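To convert a position in the sequence shown, counted from 1, into the working numbering, add 27. Just so you know, even glycine gets a beta-carbon here, dropped at the ideal spot from N, CA and C. From a predicted model like this one, the values you see are computed outputs, not experimental measurements. Working notes, structure below.
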Amino acid sequence: MNTPSAPPGITVVIPHLNQHNALARCLAALDAGTRKPVEVIVVDNGSARSPQVVVNDYPWVSLIHQPIPGPGPARNLGAARAQGDVLAFLDADCLPDAHWLAHIAAHMARDPHRILGGDVRIERKGHRLDAATAYQAIFAYRMDRYIAQQGFTGTGNLIVHRKVFDAVGPFKGLHHAEDRDWGQRATFAGYRIGFAADLVVYHPPHTATGLRLKWDRQLAHDWTRCTGLGGRIRWAIKALLLVPSPLCAVAEVATSPRIKGARNRVMALIGLTSIRLYRARRMLSLLRGHDPERLLHRWNRIDLP
Numbered sequence: 028m029n030t031p032s033a034p035p036g037i038t039v040v041i042p043h044l045n046q047h048n049a050l051a052r053c054l055a056a057l058d059a060g061t062r063k064p065v066e067v068i069v070v071d072n073g074s075a076r077s078p079q080v081v082v083n084d085y086p087w088v089s090l091i092h093q094p095i096p097g098p099g100p101a102r103n104l105g106a107a108r109a110q111g112d113v114l115a116f117l118d119a120d121c122l123p124d125a126h127w128l129a130h131i132a133a134h135m136a137r138d139p140h141r142i143l144g145g146d147v148r149i150e151r152k153g154h155r156l157d158a159a160t161a162y163q164a165i166f167a168y169r170m171d172r173y174i175a176q177q178g179f180t181g182t183g184n185l186i187v188h189r190k191v192f193d194a195v196g197p198f199k200g201l202h203h204a205e206d207r208d209w210g211q212r213a214t215f216a217g218y219r220i221g222f223a224a225d226l227v228v229y230h231p232p233h234t235a236t237g238l239r240l241k242w243d244r245q246l247a248h249d250w251t252r253c254t255g256l257g258g259r260i261r262w263a264i265k266a267l268l269l270v271p272s273p274l275c276a277v278a279e280v281a282t283s284p285r286i287k288g289a290r291n292r293v294m295a296l297i298g299l300t301s302i303r304l305y306r307a308r309r310m311l312s313l314l315r316g317h318d319p320e321r322l323l324h325r326w327n328r329i330d331l332p
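Here it is as structure tokens:
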């Protein structure tokens, strides 16, 4: 391997849990980029077997261990050990574009105190998409919308100067939606989160089962914020409105530039309907007393392809 040429000051932090195959692909993508990483910290979060054999292929990767469960604590430990002035948070199951690090360097040189959320796109194999993949291609990881509408961006492609990170404070643990919580704290503190369309990473599509597990975790987080009788009533109304809601998305599915072909658009609508009906059932089950802890601890226990 050639001498690393990435600009000094950028540390890539990657939390990892039982995703050895995905991590190998992620590190290979970093290695193939137009700029080689200088420092990458993989934080294992309690995998059944250590990913040491994966990171051994890359001398610029350090492996550390965080026994406290949750991607938030894993990212916090990586940030604490980082030597760089800029923290680039990347998920183990994401494939960074070849120019990802180069674009990070350019953005941070222009405005080092800005928080950046990059574009997360669904990785595709072939032109005929199944329902889960077609749905995700349109609706998943819409960082531009999260930033504009909710004041946060996903931590799978988050860039921040470490002084800003320290000022906002660490990510919270497994019982919180750590990306939303951190981003909204940053926004409340007056920091500006910008969407950087050229910071592209690719995420493999979840299977239908993986999507349900992801929503289990999200709903468990949302349930902790639902307090009092008024909150329970709003929760029930939202659950019921999810049932007919796919009808309101027909126009978006029909015109979205994120997929092509009539068949794929039909599959996207099928996937959307399936996941929203699942969400409605889960929300009503929580309202009836289902333990949210069971939903949290099912999260991220399978390796992606």
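Close-in-space but distant-in-sequence residues of the same chain around residue i (CB under 7 Å, 5 per side omitted)
| i | result |
| --- | --- |
| residue 197 | 103 |
| residue 94 | 73 |
| residue 122 | 52, 53, 56, 150, 228, 229 |
| residue 166 | 299 |
Per-residue DSSP class, three states only, for residue i
| i | result |
| --- | --- |
| residue 80 | helix |
| residue 157 | coil |
| residue 313 | helix |
| residue 35 | With a pLDDT of only 46 at residue 35, under the threshold of 50, the placement of this residue in the model should not be trusted; the figure read from the coordinates follows. It is coil, neither helix nor strand. |
| residue 202 | coil |
| residue 91 | strand |
| residue 42 | strand |
| residue 331 | Caution applies to residue 331, whose pLDDT of 38 falls short of 50 and renders its modelled position unreliable; the value that the coordinates give is listed next. The answer is coil: DSSP assigns residue 331 none of H, G, I, E or B. |
| residue 233 | coil |
| residue 286 | coil |
Residue interval of the alpha helix (DSSP H) (run including residue i)
| i | result |
| --- | --- |
| residue 142 | Here residue 142 belongs to no alpha helix (DSSP H); instead the beta strand (DSSP E) covers 142-149. |
| residue 260 | 255-269 |
| residue 126 | From DSSP, residue 126 is part of no alpha helix (DSSP H); its letter is neither H nor E. |
| residue 274 | Looking at the DSSP string, residue 274 is not in any alpha helix (DSSP H), and its letter there is neither H nor E. |
| residue 190 | 189-195 |
| residue 55 | 47-58 |
Integer-rounded CB distance, given that residue j should sit under 8 Å from residue i
| i | j | result |
| --- | --- | --- |
| residue 231 | residue 120 | 6 Å |
| residue 280 | residue 296 | 5 Å |
| residue 242 | residue 306 | 6 Å |
| residue 118 | residue 85 | The Cβ separation is near 17 Å, so there is no contact. |
| residue 244 | residue 299 | Their Cβ separation, rounded to whole angstroms, is 19 Å, which puts residue 244 and residue 299 out of contact at 8 Å. |
Run of the beta strand (DSSP E) containing residue i, from where it starts to where it stops
| i | result |
| --- | --- |
| residue 221 | 220-230 |
| residue 103 | Not the beta strand (DSSP E): residue 103 falls in the alpha helix (DSSP H), residues 98-108. |
| residue 115 | 113-117 |
| residue 68 | 66-71 |
Close beta carbons around residue i, own chain, < 8 Å, minus the five adjacent residues each side
| i | result |
| --- | --- |
| residue 265 | 310 |
| residue 170 | 144, 145, 146, 147, 180, 181, 184, 222 |
| residue 314 | 259, 262, 263, 266 |
| residue 319 | 246, 247, 250, 251, 313 |
| residue 191 | 140, 142, 213, 218 |
Close Cβ partners of residue i (< 6 Å) along its chain, the five nearest in sequence each way excluded
| i | result |
| --- | --- |
| residue 186 | 115, 131, 143 |
| residue 82 | 69, 88, 90 |
| residue 173 | 179, 180 |
| residue 336 | The chain is shown from 28 up to 332; residue 336 falls before or after that span and cannot be answered. |
Practice task
Could you tell me whether the region 88-102 touches the region 127-141, using the rule of 3 or more Cβ pairs below 8 Å?
Solution key: no
Practice task
Would you check if the region 157-177 and the region 278-292 touch, i.e. whether three or more CB-CB distances between them fall below 8 Å?
Solution key: yes
Handout entry: the region 106-115 contacting the region 35-47, beta-carbon criterion three pairs below 8 Å
Key = yes
Exercise for the section: Determine, using beta-carbon pairs with one atom in the region 85-95 and one in the region 56-73, whether at least three such pairs fall under 8 Å. Expected result: Yes: the two stretches touch, three or more of their Cβ pairs being nearer than 8 Å.
Practice task
May I ask you to verify whether the region 217-230 touches the region 139-148, counting CB pairs closer than 8 Å and requiring at least 3?
Solution key: yes
Practice task
Give a yes or no on contact between the region 172-184 and the region 204-217, applying the rule of three or more CB pairs nearer than 8 Å.
Solution key: yes
Exercise for the section: Report yes or no: do three or more beta-carbon pairs, one from the region 210-224 and one from the region 274-282, lie closer than 8 Å? Expected result: The region 210-224 vs the region 274-282: no contact.
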